[in-house]
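Protein chains in written order, with our numbering: chain C, 218 to 559; chain Y, 218 to 559. Even glycine gets a Cβ: it sits at the ideal position worked out from N, Cα and C. First up is the structure itself, then whatever we jot down about it.
Number of protein chains: 2
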Amino acid sequence: MTRQPTVLDVAEIAGVSRQTVSNVLNSPHIVRPDTRERVEEAIKQLGYRPHASARRLRTRKSSTIGIRLDPVTNGISGSVLDRFLHALTEQADAFGLRVLLFTARDPDDEIAQFERLLDGADVDGFVLTSTTYEDPRTEWLLEHDAPFVTFGRPWGAADVYDPRHRWVDVDGHHGVAEATRGMLELGVSHVAYLGWPPPSGTGDERRLGWRDTMLAAPGLGLREPDLDALEIACEDGVEQGSTAVRALLARGVRVDAVVCASDSLALGALMVLGTSVPIVGYDNTPVAAAVKLSSVEQPLEQAAGAALELFRAVGPRGDSFDPDGSANDPDHRLLRPRVFWR
Amino acid sequence: MTRQPTVLDVAEIAGVSRQTVSNVLNSPHIVRPDTRERVEEAIKQLGYRPHASARRLRTRKSSTIGIRLDPVTNGISGSVLDRFLHALTEQADAFGLRVLLFTARDPDDEIAQFERLLDGADVDGFVLTSTTYEDPRTEWLLEHDAPFVTFGRPWGAADVYDPRHRWVDVDGHHGVAEATRGMLELGVSHVAYLGWPPPSGTGDERRLGWRDTMLAAPGLGLREPDLDALEIACEDGVEQGSTAVRALLARGVRVDAVVCASDSLALGALMVLGTSVPIVGYDNTPVAAAVKLSSVEQPLEQAAGAALELFRAVGPRGDSFDPDGSANDPDHRLLRPRVFWR
DNA sequence: TAAGGGTGTTTGAACGATCAAACACCCTGA
DNA sequence: TCAGGGTGTTTGATCGTTCAAACACCCTTA
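This is the structure in structure tokens:
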């Protein structure tokens with residue numbers, strides 16, 4: 218036989234019907250053990266493998282998630298999403314899912330792609346990677362109730378814990394706080410913060426991680442105005458980081474250490490300050506490793522796994538309703554990063 | 218009507234049969250213009266979109282290419298493949314193709330994935346990104362005549378221009394030669410080369426790009442032994458690059474400029490030599506941009522486009538046989554990189 | 001006027017799987 | 001002996017599309 222074997226071929230060999238073969242594959246528990254064994258034997262013998270498209274046509278499910286590849290690898294930090302994508306792909310198999318890529322020029326185009334992929338039954342749903350305030354994409358997906366999970370909280374949403382919007386995210390506050398604490402443990406007191414200008418969901422959270430830690434530090438005796446002086450904000454970028462640090466120094470501020478909102482900024486700081494002052498970046502990109510920069514590392518494997526779990530759970534919505542609220546929230550996951558000291 | 222419209226719905230509205238609608242979609246030229254117009258009108262009116270799985274089931278084609286996401290983003294240069302992947306995804310649409318990701322632990326596992334994806338009709342074929350000498354993967358694919366295109370020449374193969382093995386690649390010799398010429402034009406004479414230890418298909422080629430250019434340089438009067446002194450090899454990595462350059466200097470060699478086989482090595486050189494000596498890297502990674510390093514840039518968009526073209530052409534093999542040989546080779550593309558001077 | 005050829009459209013069947021309902025069988029209890 | 005219920009398996013129909021062959025029609029040409 219030259220063509221691929223089908224359920225029928227398997228059925229014939231095992232001496233059962235099509236449907237029984239199908240049952241062995243999809244709901245083994247309803248088949249009697251000895252029958253099941255015979256069928257499994259035949260499957261192995263023929264090297265049978267279900268035809269994915271036929272199954273999709275019938276079940277109207279593709280077991281595939283779509284994910285958008287961002288248009289520009291925006292500098293250094295692009296690699297974070299690449300690593301997330303990688304982890305996602307790697308673990309998708311274990312969840313019986315596949316990952317289909319697509320690109321889009323802008324949010325509107327992306328929505329058009331959603332429509333195209335869903336209508337063609339190419340994907341069951343999506344994983345979104347960078348969501349913005351009042352994101353038109355999530356609104357569209359909710360409206361058309363298409364399953365989705367975002368990597369990143371819906372900053373600015375009325376209810377961040379809306380069960381209809383499932384998300385996975387990394388606790389930036391905790392990460393930066395840890396980095397700051399690590400600096401203070403070195404015995405220094407003037408830990409500066411180099412971040413992004415508000416408003417920025419992620420950025421503001423990271424900034425607070427530093428600020429809260431500094432204020433709470435015992436015996437440091439720092440007050441709000443002291444902190445204001447130790448903080449500087451600029452757009453993301455190596456050059457911008459260098460410029461900002463120079464400005465900080467020009468003000469005559471004493472800087473014992475620097476905690477940054479990104480590796481790009483950290484690299485910028487490094488180029489001005491050299492290795493005399495300890496610096497911590499964020500995202501632990503390959504660049505950080507290359508120049509031996511400490512950095513906050515996001516648990517991307519965990520994040521990917523959690524995203525897949527949430528995605529798979531999208532179907533039976535509401536049946537696991539938790540009256541306690543966020544106590545044991547099954548729809549959202551906030552993961553803890555850790556500092557990678559070098 | 219709540220469900221997705223089908224060809225039948227369109228047919229009814231346009232007053233034609235299923236097949237005519239199908240023809241309008243797949244071979245518009247055989248449909249009379251006025252009929253076609255009526256059908257297109259109906260398609261637009263209903264917002265009809267063909268069901269991809271149904272089509273795939275019938276045609277036994279998935280219009281999807283599989284691509285493996287490499288297990289580890291190996292340092293800085295990982296971004297090259299990411300950018301290629303990106304370009305591939307972006308242009309796939311124009312070729313009516315989709316990109317499906319998968320991962321694999323090792324070549325054997327990858328072959329198992331090939332089998333799984335092909336049997337399930339999930340993909341039509343593959344684009345391979347890093348091929349090695351006597352690659353078991355390409356051999357398997359050839360044996361099972363599964364369509365594939367590699368990004369990278371089959372180094373060491375008996376016949377690199379074997380028409381059964383289609384490939385796209387970038388002319389590293391030319392890229393490094395250009396970089397070297399650029400250095401010489403600055404008026405310097407002692408251009409060193411920092412590369413990888415042989416044997417390495419890509420590495421050896423790049424090295425020759427430098428060597429040939431140096432030997433051919435008019436008025437330089439360099440001979441083989443002089444070149445040997447100007448050359449040093451080490452494994453890829455920032456640290457390794459620094460060490461190698463230090464060794465070169467320790468030997469008392471005069472170094473006016475450095476051409477490197479990668480950005481990692483270039484960064485390593487930069488950390489030892491500083492900005493006093495011009496350095497050129499390879500791949501133009503974000504890191505190179507960040508530290509203002511000149512670098513050879515691979516035309517990844519072109520490479521992706523060419524890969525897709527070749528992939529689409531895999532079907533009718535042999536009908537475009539070219540007796541002249543490589544004169545106008547339709548199965549392979551060697552692209553020219555350019556130096557991005559900073 | 002009938003046979004032949006070309007063009008454009010329709011019809012029946014198939015792709016390979018799963019759903020839903022029917023069916024066969026065994027066991028129990030009236 | 002037969003109704004009733006449970007378990008395990010089979011049968012017919014279906015998902016939405018395209019292939020292959022049939023068909024209707026018009027235009028030539030003998």
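Per DSSP, C:D386 is not a residue of any alpha helix (DSSP H); the beta strand (DSSP E) it occupies stretches across R383 to V387. In its chain, beyond the 5 residues on either side, L286 have a beta carbon closer than 6 Å to the beta carbon of C:L318. Secondary structure note for C:I496: its beta strand (DSSP E) is the uninterrupted segment I496 to Y499. Here DSSP, grouped into helix, strand and coil, assigns C:R529 to helix. By the neighbour-count criterion, in which 16 or more other beta carbons inside 10 Å mark a residue as buried, Y:T492 falls on the exposed side.
In the DSSP assignment, C:F557 falls within the beta strand (DSSP E) that extends over R555 to F557. Between the segment 331-350 of chain Y and the segment 343-353 of chain C, the count of Cβ pairs shorter than 8 Å is below three; the stretches do not touch.
If you check the CB distance, Y:Y499 and Y:S511 do not come in under 8 Å. Three or more beta-carbon pairs drawn from the segment 402-413 of chain C and the segment 462-476 of chain C are found closer than 8 Å, and the two stretches are therefore classed as touching.
Straight across, the Cα-Cα distance linking Y:G438 with Y:E395 is about 19 Å.
Close to chain C, meaning a Cβ-Cβ distance shorter than 8 Å, are the following residues of the segment 218-234 of chain Y: Q221. The segment 413-430 of chain C makes no contact with the segment 233-249 of chain Y, as fewer than three CB pairs between them are under 8 Å. Residue pairing by DSSP places C:I260 opposite no residue, since no beta bridge is assigned to it. Under DSSP, the beta-bridge partners assigned to C:C477 are C:L411.
A contact is defined here as three or more CB-CB pairs under 8 Å, and the segment 453-462 of chain Y fails this definition with respect to the segment 368-375 of chain Y.
Counting only residues of its own chain and dropping the five nearest sequence neighbours on each side, Y:A338 has a CB closer than 7 Å to the CB of R273, R277 and S279. Between Y:L335 and Y:A524, the alpha-carbon positions lie close to 19 Å from each other. Annotation: Y:A478 has no Cβ neighbours in chain C at a cutoff of 7 Å; minimum Cβ distance is about 16 Å. C:A521 is classed as buried because its beta carbon has at least 16 other beta carbons within 10 Å across all chains shown. Residue pairing for C:I284: DSSP places it in a beta bridge opposite C:L318 and C:V344.
Under a 10 Å Cβ-count criterion, C:R220 is classified as exposed, with fewer than 16 other Cβ atoms of the shown protein chains found around its own Cβ. A residue is called buried once 16 or more other Cβ atoms fall within 10 Å of its Cβ, and Y:W384 is buried on that count. Within 7 Å of the CB of Y:E307, the CB atoms of chain C belong to T320, in sequence order along the chain. With a cutoff of 8 Å on beta-carbon distance, C:V556 and C:V497 are scored as near each other. Put simply, the backbone Cα of Y:D376 is about 15 Å away from that of Y:D386.
In the structure shown, the three-state DSSP call for Y:E402 is helix. Residues of the segment 334-350 of chain C with a C-beta atom less than 7 Å from some C-beta of chain Y are D336, G337, A338 and D339, listed in chain order.
The beta-carbon of C:R266 is placed less than 8 Å from the nearest beta-carbon of chain Y. Between C:S511 and chain Y, the shortest Cβ-Cβ separation is not below 8 Å. Residue-level contact by beta carbon fails for C:S493 and chain Y, as no gap is shorter than 8 Å.
Beta-bridge annotation (DSSP): Y:R354 is not paired with any residue.
The three-state reading of DSSP puts C:S244 in coil, since its state is none of H, G, I, E or B.
In the structure shown, Y:L359 adopts helical secondary structure according to DSSP, grouped into three states. Proximity of Y:S244 to chain C, defined by a Cβ-Cβ separation below 8 Å, is not satisfied. Of the candidates Y:P435, Y:R440 and Y:P415, Y:P415 places its Cα closest to the Cα of Y:I449. Between the C-alpha atoms of Y:P516 and C:A467 there is a straight-line separation of about 42 Å.
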